[in-house]
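Report on one structure; see the data block that follows.
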Amino acid sequence: MTETTSPARTVLPPRRGPADIIYSQSFRTIFYQAALAILLFFGGYYLYSNVVANLRAQNIATGFRFLSEVSQFEIGEKLIPYSARDTYLDALVVGLMNTLAVSIVGIVVATVLGFAVGIARTSSNWLLGHVATAYVEVVRNIPVILQVIFWAVVIRNLPSPRAAIELWGVGFLTNRGLTLAVPLANPAHAAMLVAFGVGVVAAFVVAHWARRHREATGTYIDGFSLGLAIIVALPLLTWLAYGAPIGMSVPERKGFNFSGGATLSPEFVALLMGISMYASGFIAEIVRSGIEATPRGQVEAARAIGLKPWFIMRYVVLPQALRVIVPPLTSQYVSLAKNSSIAVVVGYPDLVNIGNTVMNQTGQAVEAIAIMMVVYLAISIVTSLLMNLYNRAVAIKER
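So the number in this note's numbering is just where the residue sits in the sequence shown, counting from 1, plus 234.
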């Protein structure tokens with residue numbers, strides 16, 4: 235007897251109805267996101283229309299055409315040429331340059347001071363460790379704006395130029411600011427600056443090559459020292475190529491003021507001291523935590539082979555601590571740049587201070603605030619980008 239088998243039947247998936255589509259995860263995700271986008275669009279359009287209508291009622295035109303108008307006000311401290319005959323855009327650029335100047339110098343000062351205090355906190359010296367701890371607790375727990383005002387008051391009560399505090403023959407500290415000796419203007423300086431930038435790029439390339447070479451062959455090459463030598467050597471060779479100009483403008487007392495040198499205004503010094511010391515307290519804690527995160531066995535192994543303490547810190551502890559230090563360090567740099575906006579309390583002409591003046595003279599409050607927001611956003615993004623690149627360079631890559 236022969237058995238016959240029926241062909242296999244194809245089972246079709248059940249047809250999806252409207253209810254199934256509506257309650258599906260993908261549909262709800264798209265629907266909610268689209269609804270939110272539409273809501274934000276109409277909300278933004280309503281606010282924009284409301285602002286435009288109110289400005290028109292006050293005979294204030296919207297837009298950025300005011301940037302091309304003559305500013306008609308002077309700026310006491312500037313890094314680029316500017317006069318009252320220039321435009322509002324030029325005035326805002328002056329404020330931006332002043333903001334970048336105090337932010338960059340503040341980052342350098344805060345980093346050096348923070349690393350020094352952070353390393354001191356891990357010291358076995360009882361006095362040094364407790365002094366560093368006291369410094370961190372004080373500067374971290376006093377609002378930064380109060381620290382800026384404190385330094386402004388301190389500088390204001392310093393002696394006049396006739397009784398100035400002399401700084402080892404290279405400058406003077408008075409109630410008019412900090413006057414320092416500076417090199418005389420020379421075309422070599424611009425070339426040296428370019429050479430320095432090329433050296434920094436070359437140092438990163440060399441450090442990357444040294445790491446790849448070590449991973450491939452096991453041979454250690456000190457990429458940091460080699461890169462540092464390149465950074466120093468290129469500007470030095472450029473200086474020699476220009477005839478080694480060594481002219482210095484040294485400040486000298488002349489009556490009630492100084493002749494020669496360059497003077498940092500009391501407002502700049504007060505703002506710099508306030509924001510850099512405030513940030514250094516947080517950086518010190520970041521450095522301390524990074525050092526303590528290094529496995530203790532690494533330090534004990536380095537001591538066992540007879541390495542000196544400074545050598546252990548430089549070549550064993552810090553390279554491993556940087557992977558813990560750099561990410562939170564980025565947020566401190568961004569915060570320092572944003573804290574520079576409190577310059578208005580001491581009268582330093584930064585972007586916010588000049589932006590307020592522009593806003594008061596033109597009535598373009600929305601546009602002026604928008605410009606300041608975009609600029610600080612750009613500064614924060616660029617700072618984060620550069621620190622992320624550096625973090626990739628110092629990250630320990632496991633095989």
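Every residue, glycine too, gets a C-beta built ideally from N, C-alpha and C.
Closest to Val342 by C-alpha separation, out of Gln566, Val592 and Tyr282, would be which residue?
Walking along the sequence shown from the start, residue 342 turns up at place 108. Closest option to Val342, Cα to Cα, is Gln566.
Thr345: buried (16+ other C-beta within 10 angstroms of its C-beta) or exposed?
Residue 345 sits at position 111 when you count from the first residue of the sequence shown. That one is buried.
Thinking C-beta only, is Val440 closer than 8 Å to Ile464?
Sequence index remark: in the sequence shown, residue 464 carries index 230 (1-based). Sequence index remark: in the sequence shown, residue 440 carries index 206 (1-based). Contact flag set, yes.
What does a CB cutoff of less than 8 Å around Thr356 pick up in its chain, not counting 5 residues either side in sequence?
Residue 356 sits at position 122 when you count from the first residue of the sequence shown. Closer than 8 Å at Cβ, skipping near neighbours: Gly363, Arg522, Ile525 and Glu526.
On the DSSP bridge assignment, give the partners of Ala496 in chain order.
Residue mapping note: residue 496 aligns to position 262 of the sequence shown, counting from 1. Paired residues: Leu414.
Bridge partners for Met482 per DSSP, in chain order?
Translated into positions along the sequence shown, residue 482 becomes position 248. In DSSP, Met482 forms a bridge with Pro417.
Thinking C-beta only, is Phe300 closer than 8 Å to Thr596?
Numbered from 1 along the sequence shown, position 362 holds the residue referred to as residue 596. Numbered from 1 along the sequence shown, position 66 holds the residue referred to as residue 300. Yes.
Tell me, which residues are paired with Asn491 by DSSP?
Taking the sequence shown and counting its residues from 1, one reaches residue 491 at position 257. DSSP, once it has assigned bridges, lists Lys488 as partnering Asn491.
Would you mind reading off the limits of the alpha helix (DSSP H) that contains Gly340?
Counted from its first residue, the sequence shown places residue 340 at position 106. In the DSSP annotation of this structure, the continuous segment of the alpha helix (DSSP H) that includes Gly340 starts and ends at Tyr322 to Arg355.
Residue ranges of each beta strand (DSSP E) run of no fewer than 3 residues wholly in the segment 493-556, ordered along the chain?
496-498
How would you call Asn622, buried or exposed, if buried means at least 16 neighbouring beta carbons within 10 angstroms?
Mapped onto the sequence shown, residue 622 falls at position 388. Exposed, because fewer than 16 other Cβ atoms sit within 10 Å of the Cβ of Asn622.
Assuming the contact rule is C-beta atoms closer than 8 Å, Ser574 and Thr333 should be a hit. Round their C-beta distance to whole Å, please.
Indexing the sequence shown from 1 puts residue 574 at position 340. Indexing the sequence shown from 1 puts residue 333 at position 99. Right, their Cβ atoms sit about 6 Å apart.
What is the C-beta distance between Ile613 and Ala577, in whole angstroms, given that I count them as a contact (C-beta under 8 Å)?
Within the sequence shown, the letter at position 379 stands for residue 613. Within the sequence shown, the letter at position 343 stands for residue 577. That pair is no contact at about 14 Å.
What are the boundary residues of the beta strand (DSSP E) that Gly405 is part of?
Position 171 of the sequence shown, counted from the start, is the residue given in the question as residue 405. Start and end: Gly405 to Thr408.
Beta-carbon separation of Gly495 and Thr413 under 8 Å?
Counting from 1 along the sequence shown, the entry for residue 495 is found at position 261. Counting from 1 along the sequence shown, the entry for residue 413 is found at position 179. Going by beta carbons, Gly495 and Thr413 fall inside the 8 Å limit.
Put Val304 into one of helix, strand or coil per three-state DSSP.
Numbered from its first residue, the sequence shown carries residue 304 at position 70. Here Val304 sits in strand by DSSP.
Round the Cβ separation of Gly417 and Met482 to the nearest angstrom and send it over; I've been treating them as touching at under 8 Å.
What you label residue 417 is simply residue 183 of the sequence shown in a count that begins at 1. What you label residue 482 is simply residue 248 of the sequence shown in a count that begins at 1. Correcting the residue identity first, residue 417 is Pro in this sequence and not Gly. Right, their Cβ atoms sit about 6 Å apart.
Please state the DSSP three-state secondary structure of Ile613.
Translated into the one-based positions of the sequence shown, residue 613 becomes position 379. Residue state, collapsed to three classes: helix.
What residues match up with Ile399 in a beta bridge as DSSP calls it?
Locating residue 399 in the sequence shown gives position 165, counting from the first residue. Answer is Leu407, bridged to Ile399.
Between the C-alpha atoms of Leu330 and Glu486, what's the straight-line distance to the nearest angstrom?
The residue you call residue 330 lines up with position 96 of the sequence shown. The residue you call residue 486 lines up with position 252 of the sequence shown. Each residue's alpha carbon lies about 32 Å from the other.
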